[in-house]
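Undergrad:
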Amino acid sequence: MSEFRFIVAKAGFLLLFLGLTLVQFLSFPGQFEHMRRTQGISLLIEVALTIVVGLWILCGQVALYCLWQIVESMRRQQFYLVQNLNWIARLLMCFKVASVIPAVLFLMLVPEADDPGFFVMLTIVALFLFSLTATTSLLKDQIASKISK
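Everything in the sequence shown is counted per the UniProt record's numbering, starting at 1 for the first residue and increasing by one.
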C-alpha cells in the first residue's frame with residue numbers, strides 16, 4: 001500500500017486527538033459552567049456533565065490511539081496477527097463504553113430540558129456509535145476467525 005495514505009491517516013488521527021484534547025480541557029468545562037450561570041442548572045449537574053462528557057471524550061482519544069496502532073500494523077503488513085486483534089478488541093471496548101454514554105446524558109438532562117433538538121442530536125450520535133460498535137464487533141470476529149485458521 002502507498003505510504004502516503006498511512007501518513008494522511010495518522011495525521012488525521014493526530015489532529016483529531018489534539019482537537020478532542022482541546023475540547024476536553026477548555027471547551028466543555030467552560031460550557032457547562034456557563035450553562036449553570038445562565039440557565040440555572042445545578043452545580044451537581046454541571047460536575048456530573050463534566051465527568052460524563054470527559055469520559056466520552058477519553059473514549060474517543062483511546063479509540064484514536066487504537067486506530068493509530070491498527071493502521072501502523074497495516075503499514076507493516078501485520079494486520080492478521082493476535083497483537084492487532086488485541087487493538088481491535090480495545091477499540092471495540094471504547095465504542096461499547098461510548099455507546100452507553102448518550103443514554104446516561106439523556107437520563108441526566110431530560111429533567112432540565114426545554115428544547116428537543118439536543119435530544120434528537122444525541123439520539124443520532126447514539127445510533128452512529130451503535131453502528132460503529134456493531135461493525136467493529138463483526139470485524140473483530142472476522143479477523144479472529146482468519147487468525148485461528
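Note that CB positions come from ideal geometry on N, CA and C, so glycine has one too.
Quick one: Cα of A11 to Cα of M93, how far?
TA: 24 Å
Undergrad: Please classify T38: is it buried, with 16 or more other beta-carbons within 10 angstroms of its beta-carbon, or exposed?
TA: So T38 counts as exposed.
Undergrad: Using a 10 Å radius around the Cβ and a threshold of 16 neighbouring Cβ atoms, would you call V8 buried or exposed?
TA: exposed
Undergrad: Let me know the secondary structure DSSP gives Q78 once reduced to three states.
TA: coil
Undergrad: Could you say if the segment 31-49 and the segment 65-81 meet the contact criterion of at least three C-beta pairs nearer than 8 Å?
TA: no
Undergrad: Could you check whether the segment 74-90 touches the segment 122-142, counting it as contact only if at least three pairs of C-beta atoms, one from each stretch, sit closer than 8 Å?
TA: With the cut-off at 8 Å, the segment 74-90 and the segment 122-142 touch.
Undergrad: Kindly indicate which three-state DSSP category I88 falls into: helix, strand or coil?
TA: Secondary structure at I88: helix, using DSSP grouped into helix, strand and coil.
Undergrad: Assuming T133 and F95 make a contact with CB atoms under 8 Å, what is their CB distance in whole Å?
TA: 4 Å
Undergrad: Assuming F17 contacts L55 under a Cβ cut-off of 8 Å, what Cβ separation, rounded to an integer in Å, is found between them?
TA: Not really, about 16 Å apart at Cβ, beyond 8 Å.
Undergrad: Taking 9 Å as the cut-off, decide whether the C-beta atoms of V98 and G40 are in contact.
TA: Looking at the sequence provided, one finds Ala at residue 98 rather than Val. Cβ atoms of A98 and G40: not closer than 9 Å.
Undergrad: Is L81 near I147, with beta carbons less than 9 Å apart?
TA: yes
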